[in-house]
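Top to bottom, those sequences are chains Z and A. Under the working numbering, the first sequence has 148 at position 148, and the numbering climbs by one with no breaks. Under the working numbering, the second sequence has 1043 at position 43, and the numbering climbs by one with no breaks. Where is the CB? At the ideal position from N, CA and C, for every residue including glycine. Source: prediction; values computed, not measured.
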Amino acid sequence: MISPDVLALVTTLKMAALTTIILLLIGTPLAWFLAKMQSRFKVIIEAVVALPLVLPPTVLGFYLLIAFSPQYLPGQLWQQATGQQLAFSFSAIVIGSVLYSMPFVIQPLQKAFEQLGDPLLEAGSMLGAGALDRFFNIVLPSTKASFITAASLGFAHTVGEFGVILMIGGNIPGETRVLSIALFDHVEAFDYAQAHLLAISLLAGSMVLLSAIYLLNRAAPKTPKTAKKAKGK
Amino acid sequence: MNLNLNFQLDFPPFNLTIEQVLSLQGITGIFGHSGSGKSTLLRAIAGLEKDLVGAIFLDDSCLINHSDRKPKTFIKPEQRHIGLVFQDSRLFPHLNVLGNLKFAAKRCQNRRLDFNEIIKLTELSSLLHKQVDELSGGQKQRVALARAILAEPKLLLLDEPLSALDRQAKASLLKLMLNIQKQLQLPILYVSHSMDELQQVCDKLLVLSQGKIIGYGGIHQMIHQLNYTQNYALSHASHNAQVENDLHQQTSLSLPIKTLDNGHGLAVLSLSSALDEQQEIYLPALAKNTEPLHEQTLRCFILASDISISLIEPFNSSIVNHLFAKITALNSQGNKVLVTALYGGKKKNGGEKKGQEQIFFVNISTFSQQQLALKIGQSVYLQFKAGAVRTYLY
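See the structure below:
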């Protein structure tokens, strides 16, 4: 029999990994679009993306809870498509995490793309490289460090999530009961020993992850040096 | 190969308006001050400027057609088979030298060129495994040049590729450009604000000022034409354009080499006249490896301020070069006079012999002009020291 805390750990890692992958997939084009965008509406999109940074997680959780419930369209559509209720499901907490951790992925990528600028891309197209070719063989390797940062921050921030999950996921073991919720449970039950154990592991885990990011970023400092120079002229 | 340009492009503070057919053979220079639109012109040809109205054709293939009537066409830069070497190299920092070169070679469809041969030609063998940021400015541009060539373009564009380099690196890259052009028969459009560089390597010259073409023709002819327009729009620009501008009134020449070193530290060129006379022109001796370039001829120039005029033949003079010439024009420019003199003109009484006429440009003060009472049609002696015959490459 697997212990509830280990199950919570597995659920957490599953949620964070899935969230990170989804965020990289939708965040990369969005960050690219924002970096290249010159319209006035850019500010508004940027503000929307950054909103989770300042909003209390419970606000986001509250609106998502309403949206995910079967009375409202998103929840209804989901139920028609999958036959399952969206609120209080694993899918719900992944969707919530994607929205909640979005700025942590988009912002570093957008910044990296802006810094990279056009010079190297123009050089690439003059050598016969098409748009996808340029992205995978120039942009990606040149901004590798920022991708590592974005993925790690997105992952770590998702692991540390509490408010949104409590609102839309509840506390279903193996489904929506993640480490932060389990910790809260232990405290409510006055089981401080277990609470300590979880808290210290989360703390240590986050510390290790963040140190690893900074170490990696220092090892690969040569992001777009030339691009900056060219921009300055 | 013809490049047919007919377009307008918003280019603050004015419009870039280009209407010209360029016949692309050898190296065509594009000259103009900063802000004259020459880099933008290259970018339009490359396809990096899309917001233009009009059309560009390379021979029969349409690169862009954004005129009102026909359906719009735009060929992406990566499909144009045009190479571009930027002022700032733009080597990929995540790849080493070899990686940068392979990037180009891999994406090339024809692969007519031998990879190793290009590396040999551009003298990069010893640098292949270096990181890009370990290279000097000149080395970077050599890699950028090799990379552009390995993509095997139909046309190569060079956008001020030498402007960040020191004199020695400039000269060695210019020689490399000449060599590449000759060996690969690759048409090159070369943008620069340095007439010294252009004079050495270009066959033709296009001059831009404030977004408009103000001249297009053979290199010597265009340089001579610019002598008359010294105060023209070129010097409009900004104050520092004066400093940047190395355009001097000059005589631009391509002359057959007779001797590289006559044993007295002088090289000898020959200047022939319509009368089939051979006049020797002396200049400081040239290094032995000079010969193969430009088919045994030497590109050189003489500043108008380095030539003086004498009414009698200066026999007893240390000035080794003197020519008999006839004044064809006198243009006063402030307190100076630009004298145009023709050497080797046809004999008046019907001499049929074909030969060469050569114009020379002389800058003198109005004071001297009055002292000598110079008039159009007058015959004079032009004299200049060997050291006044300059060449940028050697």
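Under the Cβ criterion of 8 angstroms, Z:Ser-152 is not counted among the residues facing chain A.
Taking the C-beta atoms as reference points, A:Leu-1121 is found no nearer than 8 angstroms to A:Val-1097.
Among the residues facing chain A, Z:Gly-96 is not included, as its CB has no counterpart in that chain under 8 angstroms away. The C-beta of A:Arg-1299 comes no closer than 8 angstroms to any C-beta of chain Z.
For A:Leu-1084, the nearest CB of chain Z lies under 8 angstroms from its own CB, placing it at the interface with that chain.
Taking a C-beta cut-off of 9 angstroms against chain A, the contacting residues of the region 121–135 of chain Z are Glu-122, Ala-123, Gly-124, Ser-125, Met-126, Leu-127, Gly-128, Ala-129, Gly-130, Ala-131, Asp-133 and Arg-134, listed in chain order.
In the structure shown, the three-state DSSP call for A:Gly-1377 is coil.
Apart from the 5 residues on each side of it in sequence, A:Ala-1386 sits with its Cβ closer than 8 angstroms to the Cβ of Leu-1266, Tyr-1282, Leu-1283, Pro-1284, Val-1320 and Asn-1321 in its chain, given in chain order.
Fewer than three beta-carbon pairs drawn from the region 79–97 of chain Z and the region 1040–1060 of chain A are found closer than 8 angstroms, and the two stretches are therefore not classed as touching. If the five residues before and after A:Thr-1251 are omitted, its C-beta is found closer than 6 angstroms to the C-beta atoms of Ile-1302, Phe-1360 and Phe-1361, all from its own chain and listed in chain order. With distances taken between CA atoms, A:Gln-1278 lies nearest to A:Gln-1358 out of A:Arg-1299, A:Gln-1358 and A:Ser-1332.
Z:Leu-132: member of the alpha helix (DSSP H) spanning 131–134, first to last residue. Leaving aside the five residues that flank A:Phe-1103 on each side, the residues in its chain whose CB is nearer than 8 angstroms to its CB run, in chain order, Phe-1092, Leu-1095 and Arg-1147.
Put simply, of A:Leu-1063, A:Asn-1331 and A:Gln-1020 the residue whose alpha carbon is nearest the alpha carbon of A:Thr-1073 is A:Leu-1063. Counted as a single uninterrupted DSSP element, the beta strand (DSSP E) harbouring A:His-1322 occupies residues 1321–1333. Relative to A:Ile-1223, the option among A:Asp-1196, A:Gln-1210 and A:Leu-1393 whose CA is nearest is A:Asp-1196. If you ignore the 5 residues before and after Z:Ala-182, its C-beta comes within less than 8 angstroms of the C-beta of Pro-4, Asp-5, Ala-8 and Leu-198, all in its own chain and listed in chain order.
Annotation: the continuous beta strand (DSSP E) that includes A:Ala-1055 extends over 1052–1058. Counted as a single uninterrupted DSSP element, the beta strand (DSSP E) harbouring A:Arg-1299 occupies residues 1297–1303.
In the three-state DSSP reduction, A:Gln-1225 falls in the helix class (H, G or I). A Cβ-Cβ distance of about 5 angstroms is found for the pair A:Ile-1030 and A:Lys-1038, placing them in contact under the 8 angstroms criterion. The DSSP-derived three-state label of Z:Tyr-192 is helix. Annotation for Z:Thr-20: Ala-151, Gly-154 and Phe-155 place their beta carbon closer than 6 angstroms to its own, counting only its chain and skipping 5 residues before and after.
Note that the region 66–79 of chain Z does not touch the region 116–126 of chain Z; fewer than 3 beta-carbon pairs, one per stretch, sit closer than 8 angstroms. When 7 angstroms is used as the limit between beta carbons, A:His-1094 is near these residues of chain Z: Pro-141 and Ser-142, in chain order. Cβ contact annotation for Z:Pro-103 (same chain, cutoff 7 angstroms, sequence separation greater than five): Val-49, Ala-50, Pro-52 and Leu-53, in chain order. Around A:Leu-1198, the same chain offers Gly-1029, Phe-1031, Tyr-1190, Ser-1192, Leu-1205 and Ile-1219 as residues with beta carbons nearer than 8 angstroms, after the five sequence neighbours per side are excluded.
No Cβ-Cβ contact shorter than 8 angstroms links A:Gln-1378 with A:Val-1337.
At a cut-off of 8 angstroms between C-beta atoms, Z:Ile-138 counts as an interface residue with respect to chain A. In this structure, the alpha-carbon of A:Ser-1209 lies about 19 angstroms from that of A:Glu-1049.
For the region 1136–1148 of chain A, the set of positions with a beta-carbon nearer than 9 angstroms to some beta-carbon of chain Z reads Ala-1144, Arg-1147 and Ala-1148 in chain order. As the crow flies, the alpha-carbon of A:Val-1339 is around 36 angstroms from that of A:Leu-1157. Comparing C-alpha distances from Z:Lys-144 to each of Z:Gln-38, Z:Phe-68, Z:Leu-216 and Z:Met-37 shows the shortest one belongs to Z:Leu-216. Look at the region 1101–1122 of chain A: the residues with a C-beta under 7 angstroms from a C-beta of chain Z are Phe-1103, Ala-1104, Arg-1107 and Cys-1108. Proximity of chain Z to A:Glu-1078 at the Cβ level (cut-off 7 angstroms) is accounted for by Ser-125, Gly-128, Ala-129 and Gly-130, in chain order. With fewer than 16 other CB atoms across the displayed protein chains lying within 10 angstroms of its CB, Z:Phe-136 is exposed.
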